[in-house]
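Asker:
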Amino acid sequence: MTALSADGRTAVLERGRAATPDELARRADWIRLQTVQLIDRAGLGHYSSTFSCAELFSVLYYRALRLSPGDPSWADRDRFLLGKGHVATGLWPVLADLGYFPASYMESFGQIGSPLSDHPNMRTAPGIDFSSGSLGHNLSVGVGIALAGRLHGRDYRTFVLTGDGELQEGQVWEAIMSASHYGLGNLVAIVDANGFSGGGPTSKAMNIEPLGSRFEAFGWTAREVDGHDVEALSETFDSLPDPGSDRPVCIVARTIKGKGSKMMEESPQAWHLGLLAPDQRDQVVREIEARLP
Amino acid sequence: MTDATPQMENVFFEEEEEKAGPGPRGGNIVGDELARLVQKRDDIVVLSADMGAVVAKLRELRPDRYIELGIAETNTVSVAAGLAASGFLPFVLSMGPFGAIKCAEQIRTDLAYNELPVRFIARLSGLAMGFFGPSHHAVEDIAIARSITNLTVVAPSSDNAFVALLRSTIDHPGPVFFRISEGLDRELYPQPPAFERGRFVPVRAGTDVTVIGTGVGVQLGLAAAELLEPEGVSVAVLDAAYLKPFDDEGVLRAAAETGAILTVEEHNVTGGLGATVAEVLGRNGAPALLRVHGLPDEELAVGVPAALQEWYGLTPEAIAAEVRQLVADRRATLGVASGGA
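These protein sequence lines map, in sequence, to chains Y and G.
Count along the first sequence starting at 1, add 65, and that's the number in our numbering.
Count along the second sequence starting at 1, add 1281, and that's the number in our numbering.
Given below as structure tokens:
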């Protein structure tokens, strides 16, 4: 549903837009297909960690976020920060589809001078609310943006998508502390808890569980959800507390790294960063396309 | 300062003529200026990593514009980035030793890479906290800060220099790093001077040697110049308040005019002011003698700042001796017999 902003100047995609579960699930698979194409073009990219958050991208951008693609700096938009910036490849087709920039931007993806890169740059890509690349920074940045919302008296929400491995960074816990200290109910951390970091299982590298109770202990409200269940995700985002409330919210989205490709689900680490050979690529594409009508 | 020292135009508060007088020793020019600023502009927020006492006045005036983030410097920088991306002009208060060094990555990645207007105030830099141990020396921050693209790096030499730098950079669209030493007891400028971005400010004219100082180094250089005057040694003193962008032309002009340059800084001689001047001379093939007076690249002693400055020769007398050596070297270079009339 598109409406006009209060001042009549901006076309706004409101929160809670109508989208059927089928549409959202198909959109997630479309994101996976687009990701495969973009990485194929660039010659290198992050597959399996993008696949794990495809449903999150779908539900956020096609239902939950209040957006203004025609006016990316509209002051009342919900903000979305990609803490795990290495999955920007999955975001580019979404932003192009919503009209933030022409689809032709994607033709140069990964090349020198392209506005679109493996990690997002707010200075070159319309629709990116903050750059990322160094893990552990964006939740702090989100605290700043949420504080700004309070100081400006605006009711936008700030969403920050982190990986579970990213939560090993100490700065994240400084941010978590400060968010509850300042009662930032307008801040939502989403953990794409796929159980892996670049080097292997998160639990073996440095255990960060139990995630929900750790956030709760720091004064947040935590919710666990199946990160591939678009209905459950829709319900979770639809029922977020009012942005004016005083507890930040953490959504622990339990996901599968490489979700949607049997080969990647079986060897998620092999496809954290790489390039599918042509026969592998065709196999992954056929598998995903078989799910689409 | 010379009569030629340009005065700051009233670029900051157009509606009124404001002049900051010489700050009293032990004063709080940072707190005073921020308190004035928050009354003039609605986009100011001050973030503190347990440094809130500095801005007690501002907290009284605008408690909503003070955000305490506790002993968590890196989070503080990134939170400031978020506020800047949302239309605010955040000031981050930090202790020098835990500023550029601990937060280098956040300053680079969140502030500089995104060209966000954040003012990073690193107080108690150099040897100011040297009593507390090696952890509290901040003698690497110029080297770190000046290697970060898009970051403006300034070091005031006095209270009025701080006021001038703060006001003249207020509308700069990118981040600005303020390196503030202590011991800036002498007010070099009767009122805030006009700092042109990336230019030295001439503090004293001279013909034999040029002393280029930064921070407390300007005060020391000026005192050394005054010591040498009765000896007939004429020393020019330049205030390198801007460390980035740097006044390459000013270095080359000094090289041409006096042919002998002494740099003075409370910083490791590796990567600091002297190294920057050496780069400029080297890149341009400029023939000039250069001596770099700063802290040695070795484990530094621990003690109260005045004792440490004495220990490491950051005194007018030690600097005057360096100048005398340069004069002798210069005469030798020119083939003039030294040591007697």
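Ideal placement from N, C-alpha and C gives every residue a C-beta, glycine not left out.
Note that this is a predicted model, so its numbers are computed, not measured.
Are the Cβ atoms of G164(Y) and V225(Y) separated by less than 8 Å?
Answerer: Contact flag unset, no.
Asker: Counting only C-beta atoms, is A153(Y) closer than 8 Å to chain G at any point?
Answerer: So, not an interface residue.
Asker: On the DSSP bridge assignment, give the partners of N1549(G) in chain order.
Answerer: DSSP lists L1576(G) as partners of N1549(G).
Asker: Rounded to whole angstroms, what is the Cα-Cα separation between R219(Y) and G209(Y)?
Answerer: The alpha-carbon atoms of R219(Y) and G209(Y) are separated by roughly 14 Å.
Asker: So which residues of chain Y does L1350(G) contact, with C-beta pairs closer than 7 Å?
Answerer: Those within 7 Å of L1350(G) in chain Y are S243.
Asker: Counting only Cβ pairs nearer than 8 Å, list the residues of chain Y close to E1386(G).
Answerer: Neighbours of E1386(G) on chain Y, chain order: S199.
Asker: How far does the beta strand (DSSP E) with D257(Y) in it reach, from first residue to last?
Answerer: L252 to A258 is the span of the beta strand (DSSP E), which, as asked, contains D257(Y).
Asker: When you compare only the Cα positions, how much space is there between F1449(G) and V1516(G)?
Answerer: Phe is not the amino acid found at residue 1449(G); the sequence shown has Ser there. Whole-angstrom Cα-Cα distance: 28 Å.
Asker: Scan the stretch 1390-1401 of chain G for residues whose Cβ lies nearer than 8 Å to a Cβ of chain Y and list them as they occur along the chain.
Answerer: From the stretch 1390-1401 of chain G, only T1390, D1391, Y1394, N1395 and E1396 have a Cβ closer than 8 Å to chain Y.
Asker: Apart from the five residues just before and just after A1587(G), which ones in its own chain have a Cβ nearer than 7 Å to its Cβ?
Answerer: Closer than 7 Å at the Cβ level, and outside the excluded window around A1587(G), lies no residue.
Asker: Just the Cα atoms here: how many angstroms apart are W238(Y) and V1373(G)?
Answerer: Their backbone Cα atoms lie some 20 Å apart in a straight line.
Asker: Quick one: is D136(Y) near chain G, going by C-beta distance under 8 Å?
Answerer: Answer no: the Cβ-Cβ gap between D136(Y) and chain G never drops below 8 Å.
Asker: So, under 8 Å CB-CB, L1571(G) and I1542(G) are touching, yes? Tell me the CB distance rounded to an integer number of Å.
Answerer: Right, their Cβ atoms sit about 5 Å apart.
Asker: Under a three-way DSSP split, which group does C1384(G) fall into?
Answerer: In this structure, C1384(G) counts as helix in the three-state DSSP scheme.
Asker: From the beta carbon of S205(Y), is the nearest beta carbon of chain G less than 8 Å away?
Answerer: So, interface residue.
Asker: Could you pull out every residue in the same chain whose Cβ sits closer than 6 Å to the Cβ of A211(Y), ignoring the five residues on either side in sequence?
Answerer: Hits under 6 Å: T223, L249, N251 and L252.
Asker: Could you pull the start and end residues of the beta strand (DSSP E) that S1375(G) belongs to?
Answerer: From DSSP, the beta strand (DSSP E) with S1375(G) extends over L1370 to M1376.
Asker: Counting C-beta neighbours from all protein chains within 10 Å, is the total for I1461(G) 16 or more, i.e. buried, or is it exposed?
Answerer: So I1461(G) ends up on the buried side.
Asker: Can you tell me which of I1451(G), R1404(G), V1545(G) and I1429(G) puts its alpha carbon nearest to the alpha carbon of R1389(G)?
Answerer: Considering only alpha carbons, the answer is I1429(G).
Asker: Run through chain C and tell me which residues come within less than 9 Å of R188(Y), C-beta to C-beta.
Answerer: Included in the structure are the protein chains Y and G, with no chain C among them.
Asker: Could you tell me whether the Cβ of V124(Y) comes closer than 8 Å to any Cβ of chain G?
Answerer: By this cut-off, V124(Y) is not an interface position.
Asker: Please report the straight-line C-alpha distance between Y1394(G) and Y1347(G), rounded to a whole angstrom.
Answerer: Y1394(G) and Y1347(G): Cα-Cα distance of roughly 25 Å.
Asker: Step through the CB atoms of chain G and report whether any lies within less than 8 Å of the CB of I368(Y).
Answerer: The question about residue 368(Y) has no answer here: the residues shown for chain Y are numbered 66 through 358.
Asker: Assess, as a yes-or-no matter, whether the stretch 1350-1365 of chain G is touched by the stretch 1396-1406 of chain G under the definition of 3 or more beta carbon pairs within less than 8 Å.
Answerer: Taking 8 Å as the limit for Cβ pairs, the verdict is that the stretch 1350-1365 of chain G does touch the stretch 1396-1406 of chain G.
Asker: With a threshold of 8 Å between beta carbons, is L216(Y) in contact with chain G?
Answerer: Yes, contact with chain G.
Asker: Quick one: which unbroken beta strand (DSSP E) runs of 3-plus residues sit fully inside the stretch 1406-1436 of chain G? Chain order, please.
Answerer: Runs of the beta strand (DSSP E) inside the stretch 1406-1436 of chain G: 1433-1435.
Asker: Enumerate in chain order the residues of its own chain whose CB-to-CB distance from A270(Y) is below 8 Å, with the five nearest sequence positions on each side excluded.
Answerer: The answer, listed in chain order, is G230, Q233, S262 and G264.
Asker: By the criterion of Cβ-Cβ separation under 9 Å, what are the contact partners of S196(Y) in chain G?
Answerer: Those within 9 Å of S196(Y) in chain G are T1390, D1391, Y1394 and N1395.
Asker: Using a Cβ-Cβ cut-off of less than 7 Å, list which residues of the stretch 227-260 of chain Y approach chain G; keep chain order.
Answerer: Going along the stretch 227-260 of chain Y in chain order, one finds Q236, E239, A240 and S243 with a Cβ nearer than 7 Å to chain G.
Asker: Just to confirm before moving on: does the CB-CB distance between L1562(G) and A1521(G) stay below 8 Å?
Answerer: No, they are not a contact pair.
Asker: What residue range does the alpha helix (DSSP H) around T100(Y) cover?
Answerer: Run containing T100(Y): P86 to A107, per the alpha helix (DSSP H) assignment.
Asker: What distance in whole Å lies between the Cβ atoms of I1493(G) and A1436(G), which are believed to be in contact at a cut-off of 8 Å?
Answerer: 12 Å between Cβ atoms; not a contact.
Asker: Output, in sequence order along the chain, the residues in the stretch 1364-1382 of chain G whose CB is closer than 9 Å to any CB in chain Y.
Answerer: Within the stretch 1364-1382 of chain G, the residues whose Cβ lies closer than 9 Å to some Cβ of chain Y are L1364, A1365, A1366, S1367, G1368, F1369 and P1371, listed in chain order.
Asker: Inspect the beta-carbon positions of D1528(G) and F1481(G) and report whether they are closer than 8 Å.
Answerer: A contact, by the Cβ cut-off of 8 Å.
Asker: Are there 16 or more other CB atoms within 10 angstroms of the CB of H1453(G), so buried, or fewer, so exposed?
Answerer: Per the 10 Å Cβ criterion, exposed.
Asker: Return yes when the Cβ of L1576(G) is within less than 8 Å of the Cβ of E1547(G), no when it is not.
Answerer: For E1547(G) and L1576(G), yes; Cβs fall inside 8 Å.
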